[in-house]
Each structure stands twice: as structure tokens, then as C-alpha cells.
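Student: Counting from 1, position 120 in the sequence shown corresponds to residue 120 in the UniProt record's numbering; the numbering is continuous, with no gaps. Beta carbons: idealized from backbone N, C-alpha and C, even for Gly.
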Amino acid sequence: MSREFMFENEFAICWKTTVLPNVPLKMHRHDRARTIVALQGGVLKRIDEDGSRKDLVFETGKAYWYDADPPDNLHADANEGAEPVVVVVTEFKTEEDRNGTRDARAECGCGVAGGACDCRSKIGPPFVIPGWEPPTKKKETSA
């Protein structure tokens with residue numbers, strides 16, 4: 001899997017993700033509504049924490065809308081095909097994001113009340129760009 005930061009402004013954050021065959025993404029969630037445009041289509045398997053699975057079919061050149069994930073609902077994505085799936089994801093910032101009142105740490109699902117955890121420092125951003133904050137919450141999974 002690779003991610004390439006594309007842009008961020010007061011309204012949205014955008015990145016390109018390449019999901020390689022047989023290299024599943026870690027458990028994560030999307031706190032914001034988003035569009036996904038398939039540059040190279042394919043089928044990703046969405047695997048929820050409870051073990052349920054759903055095929056996400058992306059056709060090359062088509063755009064898709066997804067609402068924000070429900071709170072505390074984590075999922076992983078896996079490409080079980082033979083070719084990479086390449087998508088551009090644009091997450092739309094909420095009013096709380098724009099006015100600076102959203103505290104992502106307070107929303108962490110680790111169980112430590114009031115955002116007193118240090119999960120974000122352990123997880124780190126998915127890109128190596130100084131000052132960039134990840135758009136998703138991730139949780140390490142044991143192998």
C-alpha cells in the first residue's frame with residue numbers, strides 16, 4: 001500500500017492510495033464524508049471488526065460517495081485481485097474541522113477518556129509530510 005498526499009485546504013484533504021494485491025490495509029475509520037475516484041479499478045474487500053465482509057467494486061474512471069463511518073466502527077480493506085487498485089480519496093472537512101473545535105483525540109476509540117491517550121503519537125501520519133494530520137483513525141492489529 002502506498003499513499004501520496006495531493007492537497008489539503010480548509011474544506012478538504014486529498015490523497016492517492018495504491019492498494020497492492022494481498023497487502024491488506026490496517027484497521028481504520030473515516031471520520032468524514034468522502035469521494036473516491038478509481039484511477040485503476042478493481043474489487044476491494046471491506047472487512048469490519050466483527051469479521052463481516054463486503055465487496056467494494058471500483059470501476060476505472062468512476063467516482064463514488066461514502067458517508068463518514070459510524071463512531072467506533074473500524075474496518076480494513078484488502079485487494080484479493082491480481083492487479084493494484086489505485087484510488088483518489090477526497091475527505092470533506094466538517095464545520096468543527098474548519099473552525100478548530102473538533103478534537104480528534106477526544107474521539108479516540110481506545111477507551112481512555114477525554115482524549116488523554118497518546119494513540120495519535122503512536123500511530124503517526126500515513127505520509128511523511130511535516131505537520132500533516134491523518135484523516136483517519138487507525139488501530140494496530142495483531143498478526
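Please classify R34 as buried or exposed, where buried requires at least 16 neighbouring CB atoms within 10 angstroms.
Tutor: Burial call: buried.
Student: Nearest by alpha-carbon distance to D67: which of V37, K16 and F92 is it?
Tutor: Nearest of V37, K16 and F92 to D67, Cα basis: F92.
Student: Rounded to whole angstroms, what is the Cα-Cα separation between R98 and I36?
Tutor: Distance between the alpha carbons of R98 and I36: 21 Å.
Student: Give the C-beta separation of V43 and V23 to the nearest angstrom, bearing in mind that I take them to be a contact with Cβ-Cβ under 8 Å.
Tutor: 15 Å between Cβ atoms; not a contact.
Student: Exposed or buried, N79, counting other C-beta atoms within 10 Å across all chains shown (16 or more means buried)?
Tutor: So N79 ends up on the buried side.
Student: Among the residues of its own chain, which have a CB less than 7 Å from the CB of L74, if the five just before and after it don't count?
Tutor: Same-chain partners within the cutoff: M27, H28, R29, E49 and K139.
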